[in-house]
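For the sequence shown, our numbering gives the first residue as 8, with consecutive numbering after it. First the structure, in the form of structure tokens, and then the observations on it.
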Amino acid sequence: MKLSDPLQPGEVALVGAGPGAAELLTVAAARLIGDCDVIVHDALVSREVLALADARAARIFAGKRGGRPSASQADICETLVRLAKSGKRVVRLKGGDPFVFGRGGEEIRALAAAGIRFRVIPGITAGVAAPAMAGIPVTDRTVNASIAFLTGHEASPGSRIDWRALVAAFPVLVIYMGTKNLAVIAGRLIDAGMRPDTPVAILHDVTGAHERQVFGTLSEARTGAIAGASPAIVVIGDVVAKRRSWRDTDS
Ligand code: SAH
8 MKLSDPLQPG
18 EVALVGAGPG
28 AAELLTVAAA
38 RLIGDCDVIV
48 HDALVSREVL
58 ALADARAARI
68 FAGKRGGRPS
78 ASQADICETL
88 VRLAKSGKRV
98 VRLKGGDPFV
108 FGRGGEEIRA
118 LAAAGIRFRV
128 IPGITAGVAA
138 PAMAGIPVTD
148 RTVNASIAFL
158 TGHEASPGSR
168 IDWRALVAAF
178 PVLVIYMGTK
188 NLAVIAGRLI
198 DAGMRPDTPV
208 AILHDVTGAH
218 ERQVFGTLSE
228 ARTGAIAGAS
238 PAIVVIGDVV
248 AKRRSWRDTD
258 S
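This is the structure we're talking about:
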């Protein structure tokens, strides 16, 4: 089977939509989006990507943002199962990669439990796309031999993150959902031994209409002198200083 083979009736494809620009879709994603009966998508999936959908395909919004009553994960899983059982060819479209902070795992387990045929199309995750589009080499031979991808939701007191271990092990951190708690996160990182002058990039709405980049240091992030709004990827580490901007829209 090829990833881009047409879906069978009753089959679900969990598809990564990448960071926003339609050009950054995989060939398989573009083909399946353009040939399906129904698309169940998140808030982060861009209009440009949705515009590639088959005009006859139904669209179901299953987002969790924007103040509207949000679909629970159980509801989303149930919807996917119901649509597949009614013989639809379903594309479950998620921003970035479906398995990176995207709860795609829960969805494939629900599909598998219901005996539904499914496939997974990886996407370019925002944590990789954002630094690349900003000209930041997310690994650089002179800086880091590892990277940590983490969620900023874990800055709360019940955090599962061991900040000292994190700082000791990873010279470069790429944070998803990190803007709201950025000052707290920066404080924890400094307390855990990271240099206050470590460079920070806040990369907002990468490849989208509201794209914006903010640069500064970890101590500026701690005081709130630099900040950003969701959706943004925060890159922390000396790789940020290795940046060479390459897009004509860049500052
Ligand atoms: N599955 C997605 C991540 C979902 S979590 C992926 O692999 O990219 C949602 C977070 O992803 C956002 O809070 C933000 O941190 C990041 N994100 C997604 N799209 C983005 C974009 N276009 N620009 C910047 N950050 C983005």
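The C-beta atom is built at its ideal place from N, Cα and C for all residues, glycine as well. Just so you know, these numbers come straight off a predicted model, no measurement behind them.
Per DSSP, cross-strand counterpart(s) of residue i
i	result
GLN220	LEU210
ALA239	HIS211
LYS101	GLY23
THR158	TYR183
ALA65	VAL45
Residue i (DSSP reduced to helix, strand or coil)
i	result
VAL52	coil
GLY244	coil
LEU128	Leu is not the amino acid found at residue 128; the sequence shown has Ile there. Three-state DSSP puts ILE128 in a strand.
ASP170	The amino acid at residue 170 is misidentified as Asp; the sequence shows Trp. Residue state, collapsed to three classes: helix.
VAL92	It is Lys, not Val, that sits at residue 92 in the sequence shown. Note: LYS92 maps to helix in three-state DSSP.
SER11	coil
VAL107	coil
ALA37	helix
THR146	coil
ASP198	helix
Rounded C-alpha distance that separates residue i from residue j
i	j	result
ALA232	VAL150	26 Å
LEU189	ILE240	11 Å
GLU218	ASP212	5 Å
ARG254	THR132	20 Å
VAL34	LYS9	11 Å
VAL127	ALA176	31 Å
ILE83	LEU90	11 Å
VAL107	ALA137	14 Å
GLY244	ILE197	12 Å
ALA162	ALA234	16 Å
ALA208	ALA28	20 Å
ARG99	GLY17	13 Å
Cβ-based burial, residue i [other Cβ within 10 Å; buried from 16]
i	result
TRP170	buried
ALA216	exposed
VAL145	buried
GLY41	exposed
THR230	exposed
LYS92	exposed
SER53	buried
ARG195	buried
Nearest to residue i (by Cα), restricted to the options the options
i	options	result
LEU173	ALA155, GLY235, GLY41, LYS92	ALA155
MET140	ASP49, GLY23, SER93, VAL242	VAL242
ILE143	GLU30, PHE222, ASP61	PHE222
GLY109	LEU157, LYS95, ARG63, ASP147	LEU157
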